[in-house]
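Structure first, then comments.
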DNA sequence: ATGCCTGCAAATGTTTTGCACGCCG
DNA sequence: CGGCGTGCAAAACATTTGCAGGCAT
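Protein chains in written order, with this note's numbering: chain C, 1 to 143; chain Y, 1 to 143.
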């Protein structure tokens with residue numbers, strides 16, 4: 001996992017510095033958590049105290065350019081980052097609970113047929129998608 | 001259209017001040033355009049020069065609370081606003097062109113079956129959704 | 001008078017940028 | 001030396017908030 005990313009960086013002529021390695025490790029360890037830049041910064045600082053917030057932002061931008069990361073936004077005014085699943089053809093989907101704010105990821109490919117419709121009816125060449133359902137999660141329904 | 005919104009404001013105990021009316025008119029006149037707060041402000045200022053940016057933000061927040069508007073984000077770092085279609089059961093979908101940046105709206109209800117699956121398999125009560133396809137629009141494909 | 005609504009300016013929070021320094025080939 | 005990568009501080013944005021005043025009831 002890490003070694004594959006290392007390879008991708010080298011192929012793009014980036015060095016895997018200690019700061020970048022720590023950042024990637026934090027992202028891998030918290031894959032499900034949709035961390036913000038600030039949250040990532042604080043976690044990285046535990047491993048590698050000599051790091052600045054700007055470096056985290058620069059690393060996140062680089063990883064996004066390399067399509068290792070996806071930048072997502074849930075309308076809470078700040079960017080969050082989400083690891084691309086290896087081998088996944090498409091970006092996964094999210095279930096955002098309007099009551100407790102939790103975000104659940106779902107991997108199923110739900111949009112195969114829908115993409116065919118979009119490509120055919122709207123002559124739009126689909127490369128990727130973002131799908132988030134807003135609703136109430138199971139926990140909150142039981143309350 | 002405007003009169004219906006006026007009624008909604010009154011029912012929620014808000015006054016339709018000249019600033020608010022201008023803002024709503026700008027939104028109605030540019031329904032397809034996914035304007036940002038700043039863009040809306042500049043357009044409103046042409047009609048009603050005595051208006052401040054803060055008032056536009058406050059009006060947009062109010063309209064969002066009343067579910068007349070939807071706040072959307074296309075990962076470009078600022079919020080955009082989109083009128084809810086009257087009578088539409090669900091939020092419409094977007095086609096974002098990665099080459100020219102244009103955003104096309106599509107109204108078709110593409111997610112009916114998908115929502116059934118989500119509710120059943122993930123025990124998640126769906127209230128709304130956000131779906132954006134990233135790809136290449138017809139114009140850019142022809143280039 | 002009371003309370004909603006406003007413009008302006010200041011504050012806030014996030015992200016980007018400028019710059020000088022350090023490190024490695 | 002030359003250039004990438006860095007930390008820090010400042011700048012740049014987007015958005016929110018505090019406040020004094022205005023207007024309608």
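Even glycine gets a Cβ: it sits at the ideal position worked out from N, Cα and C.
Quantities reported herein were computed from a predicted structural model and do not represent experimental measurements.
Buried or exposed by the 16-neighbour rule on C-beta atoms within 10 Å, applied to residue i
i	result
residue 112(C)	exposed
residue 116(Y)	exposed
residue 61(C)	exposed
residue 129(C)	buried
residue 86(C)	exposed
residue 73(Y)	buried
residue 99(Y)	exposed
residue 35(C)	buried
residue 21(Y)	buried
Three-state class that DSSP yields for residue i in the structure shown
i	result
residue 21(C)	helix
residue 33(Y)	coil
residue 14(Y)	coil
residue 69(C)	strand
residue 48(Y)	coil
Residue i versus residue j - alpha carbon distance
i	j	result
residue 114(Y)	residue 110(C)	6 Å
residue 19(C)	residue 44(C)	8 Å
residue 32(C)	residue 94(C)	11 Å
residue 142(Y)	residue 49(Y)	42 Å
residue 134(C)	residue 4(C)	34 Å
residue 126(C)	residue 82(C)	20 Å
residue 120(C)	residue 138(Y)	11 Å
residue 80(Y)	residue 6(C)	37 Å
residue 55(Y)	residue 84(C)	40 Å
residue 71(C)	residue 39(Y)	24 Å
Entirely enclosed alpha helix (DSSP H) segments - the segment 84-130 of chain Y, minimum 4 residues = 112-122
Quick one, which residues of the segment 34-52 of chain C are near chain Y if we go by CB-CB under 9 Å, in chain order?
-> none
Could you please tell me which residues of the segment 73-97 of chain C, in chain order, have their CB closer than 7 Å to any CB of chain Y?
-> 73, 75 and 95
Could you name the residues of the segment 100-129 of chain C whose beta carbon sits closer than 9 Å to any beta carbon of chain Y, in the order they occur along the chain?
-> 104, 106, 108, 110, 111, 113, 114, 115, 117, 118, 119, 121, 122, 123, 124, 125, 126, 127, 128 and 129
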